[in-house]
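Presented below is the structure to which this report refers.
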Amino acid sequence: MKLSKLRLISGAVLLACACMAQAEIRLSDPLPLAPEVTVGKLPNGLTYYIKKNARPAQKVELRLVVKAGSILEDDDQQGLAHFTEHMAFNGSTHFKRNELISYLQSIGVKFGADLNAYTSFDETVYVLPIPTNKKENLEKGFLVLEDWAHGLKFNPADINSERGIVLEEARLGKGASDRMNKVLYPKLLNGSRYAERMPIGKESVLKTFKPEAIKRFYKDWYRPDLMAVVVVGDVEPKQAEAMIRQHFGKLKNPAKPRPRLYAEVPQRSQTEALVITDKEAPDDTVFIRYPIRAAQEPVTIADYRRQMIENLYGQMLSARMQELTQQANPPFIQGGSSMGKLVRGYESFSAYALLGKGGVQPAVDALVQEDERARRFGFSQDELDRARKNMLRNYERAYSERDKSDSSGFVAEYSRNFLEQEAIPGIANELLYAQELLPQVTLQEINETVAKVIPDQQKKLVVFMGAEPKAGASVPTQQQLLDAVAKAEQQIIEPRTEKVLASKLMDAPPAGGSIVSEKLNSAIGVTELTLGNGVRVLLKPTDFKNDQVLMGSTRFGGQSLFGDADIYNARYASAVVGSMGLKDLAPLDLQKVLAGKTVNVGASLGELSEGFGGSASSADVEAMLQLVYLYFHDVRKDAGLYQSFIGKQQDLAKNSMAQPEAVFYDAIQHAMFGDNPRVDGVPRVADFDKVGLDRSLDIFRQRFSSARDMTFIFTGSFELDKIKPLIASYLGTLPVADVPHAYRDVGMRPVTGVVKKDIYMGSEPKSTISITFNGNVAYSDEQKLTLQALGEVLNLKVIEVLREKMSMIYGGGFETSMGQHPYGHYSVALNLPTGPENVDKVIAAAFAEINRMKTDGPSAADLEKVKLNWITRQQKSLRENNYWMNQLMGSVTQGRDPAHILRYEQRVRALTPQAVKLAAQRYLDMHNYVQVVLYPERKNVAAK
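Numbering (my numbering), first residue to last: -10 to 933.
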């Protein structure tokens, strides 16, 4: 089939794609390989991907991708694919145990945040970002990858040391979800081997395996014909290719390689139901899994077109399901149906709902009947037009950002190509296909496809997962689940009617706004406007992205201006308003009117301030400003949607305190602040009885009926001459009646002295330690930076001592904060998950490191690692709109010169070990902290 020539929508696209536009698109043609990526294969079978990419500058993303995961483990190796990943950081040909992490930290690469890896069923992927400001860094980075590929040592002592860390990681995953999934997966995967090879493995194996078992796994599966090296970033492709050949050309495959087979997932032979309950389950869900089929990755342009059609009807079906939640008594809290990936090579159609107070039957009715409505009657032309607009806009934005996209996104895409054969034709080709093919997709074709894809009373698995029933309540039986689905399938289905909506938000822009002053801060390229109504605007045009504009605004006040009796109304006021929409448009109606636009705006009423946050493409800035304008003039009151919001929040809260983690968080908040009514703990059902429609709406209007003393900030891809008239029109005409514009100090302060509290909850043998140091401080940016440095150098010790030396934790660490509102205050919070039997040892070790820091301070080398990582990150952040938004917002709330951003590196370099030592002495007061420890239920642990 031949298709007509592409009609391009913009001069930029026309210029970039002129050559391709001359060629006809044939559906039978194979999908091409993106011309900007070099893909090759070494004689030993190792595949490589290389792309030069300038964002972020002076950085290369390296990946070692191995087609080896837990599915390949022998019975005595269950968990060793993942354990092998851990051993990659514990000794290799060129790096001794812990030497690798220390070296990478010394060049600004942070363990966990930057350096990382993951293991799944079918693959293991190693993540290594390397700064290229020094030539030797990249060479060393390739050496690391080479060692991972064939140079791991598996020293028995190192293996034994790592056992505790891996077991602590396994402990973290224990809980209600883990217990229920162990029952679910064998049925969900139809008895496939996947259900027997969870990546974390078996504890019995992890505790007792011999080094020979893990060495056998490494020898069998870490081989070049199952590997890919991905290199994307600020590097010349020829240089990268030469380094790949140098480091990986020497790798050899085994003389008799074990065949790399992929596990099959059998077809379901009968319809059945499964009921799984757990006393710690946070919510109730119902899930319907229809027959599994082989997944087809696109190979030809026709396949790509088929995938577009699937995405179109998926988007339309999702919108319908979302619309069901916007009823006074919705059938479920949230739900949906879609065709989705199960495991590699398999997919299936499934339906899911998070249950509300109505329980199983209304949710099943809605899911089954909405799917059947789409299957039988299809979608409307309006629905297709909206979905097509949204999809096309996404392609256009991705194309416009092609030279401003981070390298990490490309390495993920190329990794999927290697692992799953995901097509990589490149965004220029994909935009071409979208422009050419989307307009030719007819409603009839969509509906015919949906009629085939959505199952019609086929064999299925119906699952209920939820909390164990409380007194007077019950959960469905397996037969009741099947009966509920059968009943839903027999209901009479009527076609859906489409509501007629306005085609735009506002008929005309408001008149009368003006700009009365303008000044430029040339040091940072920020223009400050004062509007005729007194509203202040900061404009930071950038070229960091080609099609992104961020908006924020702030003003002091917030919830602090309302009394304790109104705290719930104030806390949820913006959420209530957001759930009801604007003008005569409910939230989903707004989405329909804005179809084809990329815009988002939300209002927030915080503890001490209120304001807006939003984003838009460059072409949709006016729509973003219109939404802000409507929040001031035309918020909507809808009793049905208010009741829907309250009902859903109560349903979400009903089981929240069944979770040990929620009880633990709540205990920490109350241990620090007592029974102060303004403590923002875990939401309870009764909390939402205190949220009234009229009062919450009145509170919102009190704060958002006037823009007096509000500052708006814009960063991104806009031109001053084009945005200023829009700002004058929409923000310059906002009402500015006199309203309070200062916060009220409500007097909430943390306790003083040493407070200790133990919480006993949870059936798994796991504990979490929380230790928080709070206090008053005369705030300064320098003190805040020094406190942050203290937290970071202590985290190096947490990794070095508590994790690597003692093997008693997997993760955790210190977090610091310092603020000046409503009073100068600081916080240093330590969070450490561990085993109940190790709590006292872990606390003692943490306190020993704190005391050592107070006595000796950090080593110069450790502090230098922190400083280099910060400087490296800030150099990247300076090219990000979100960073500038946050910094400019901070300059407004803290009343400082925004040009301080440019002095960050200078301030970091000025930090000294002595300053950090003094900070430890000042802020880590061993006579003033709150310690809360979570233990399992008393029957599972000896009382202390």
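All C-beta atoms, glycine included, are put in the ideal place defined by N, C-alpha and C.
For clarity, every value in this text was computed on a predicted model and none was experimentally measured.
Among R927, I798, R667, which has the Cα closest to the Cα of D734? R667
Own chain residues within Cβ distance below 8 Å of H967, not counting five before or after: With the chain running from -10 to 933 in the structure shown, residue 967 is simply not present.
Limits of the alpha helix (DSSP H) - the one that E781 falls within: Segment 770 to 786, the alpha helix (DSSP H) holding E781.
For E517, the nearest candidate out of I716, E483, G602 (CA to CA): I716
Rounded C-beta distance between L774 and P530? I'm assuming under 8 Å. That belief does not hold up - the Cβ atoms of L774 and P530 are roughly 28 Å apart, past 8 Å.
Tell me which same chain residues have a C-beta within less than 8 Å of the C-beta of R690, skipping the five on either side of it? V624
Which residue or residues does DSSP assign as beta-bridge partners of I39? T27, V220
Use the C-beta contact count for S511: other C-beta atoms within 10 angstroms, 16 or more gives buried, fewer gives exposed. exposed
Along the chain, where does the beta strand (DSSP E) containing V590 start, and where does it finish? 588 to 594
Suppose you measure from the CA of V264 to the CA of S166; what does that come to, to the nearest Å? Distance from the CA of V264 to the CA of S166, rounded to the nearest whole angstrom, comes to 14 Å.
Just to confirm before moving on: does the CB-CB distance between F366 and L432 stay below 9 Å? No; because the gap between Cβ atoms is not below 9 Å, this pair is not in contact.
Report the partner residues of I277 according to the DSSP bridge assignment. Residue pairing by DSSP puts I277 in a beta bridge opposite A340, V451.
Counting along the chain, where does the beta strand (DSSP E) carrying V817 start and finish? 814 to 823
Do P934 and G101 have their C-beta atoms closer together than 9 Å? It is not possible to answer for residue 934, since the shown part of the chain is limited to -10 through 933.
Would you mind working out which of K586, D555, A564, K854 sits nearest E781, comparing C-alpha positions? K854
Other residues of its chain near Q878: CB distance less than 7 Å, five sequence neighbours each side excluded: Here residue 878 turns out to be Met, not Gln, going by the sequence shown. The residues are G541, T543, I702.
So if DSSP puts D267 in a beta bridge, which residue, or which two residues, is it bridged to? A456
Through-space distance from G591 to R692, alpha-carbon basis: 14 Å
Give me the Cα-Cα distance between A477 and V439, rounded to the nearest whole angstrom. 19 Å
At a cut of 8 Å, does the stretch 828 to 838 reach the stretch 855 to 868 through at least three beta carbon pairs? no
Which whole-angstrom value is the C-beta distance of Q316 and S633, which I expect to be below 8 Å? 6 Å
For S593, which option in L614, S645, A559 has the closest C-alpha, if you only look at C-alpha atoms? A559
Do you know how far the Cα of V116 is from the Cα of V55? Computed Cα separation, rounded: 12 Å.
Assign F601 to one of three DSSP states: helix, strand, or coil. strand
Tell me whether the beta-carbon of S326 lies closer than 9 Å to the beta-carbon of L301. no
What residue from L450, S607, V680, A500 has the CA that sits closest to Y561's CA? V680
Out of Q809, L641, I832, R892, point me to the one whose CA is closest to D272's CA. L641
Roughly how many whole angstroms lie between the Cα atoms of R885 and Q876? 10 Å
Among the residues of its own chain, which have a CB less than 7 Å from the CB of Y893, if the five just before and after it don't count? Closer than 7 Å at the Cβ level, and outside the excluded window around Y893, lie Q863.
Within 10 angstroms of its Cβ, does H236 collect 16 or more other Cβ (buried), or is it exposed? buried
What first and last residue would you give for the alpha helix (DSSP H) that runs through K176? From DSSP, the alpha helix (DSSP H) with K176 extends over 165 to 177.
Closer than 7 Å by C-beta to K393: which residues in its own chain qualify, once you throw out the five before and the five after it? Chain order, please. R44, F533, K534, N535
Given this structure, state the Cα-to-Cα distance separating N522 from M699, to the nearest angstrom. 11 Å
Is L421 helix, strand or coil by DSSP? Correct three-state label for L421: helix.
Which partner residues of L528 appear in the DSSP bridge assignment? T516, F703
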